[in-house]
Amino acid sequence: MQTYDGMLHRMNIIDNHYHTVVDTKNGLEFIINNSGREYIVNNKGAKTIDYELIDRIIKGIAIDTKKFQKLYNRLIYRQ
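Residue numbers for the sequence shown follow this note's numbering, beginning at 1231 and rising by one.
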């Protein structure tokens, strides 16, 4: 996650303790508590937003990397 001051923070989705979605006058705020720190993702002023990605971050949905790694290796092998 990148904060307003440009700092980058690593998040491990396994350490997500809780999440909430708050409807404010400026739009939706997605609040995620990860390892004792709160991260807020706001959609104010966003032209587009990937809600599926936000959902994966909030709920900590694991991505099957082995499946995609096999596909990548197969495509490289065919070249």
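Cβ coordinates follow ideal geometry from the N, Cα and C atoms, glycine included.
- The criterion of a C-beta distance shorter than 8 Å is not satisfied by isoleucine 1261 and isoleucine 1287.
- Here the C-alpha atom of isoleucine 1284 lies approximately 26 Å from the C-alpha atom of lysine 1300.
- Sequence-distant Cβ neighbours of aspartate 1245 in its own chain, meaning closer than 7 Å and more than five residues away, are Asn1264 and Ser1265.
- Per DSSP, leucine 1238 is not a residue of any beta strand (DSSP E), being assigned neither H nor E.
- From the listed residues Tyr1234, Asn1272, Thr1278 and Arg1267, the smallest Cα separation to threonine 1254 is found for Asn1272.
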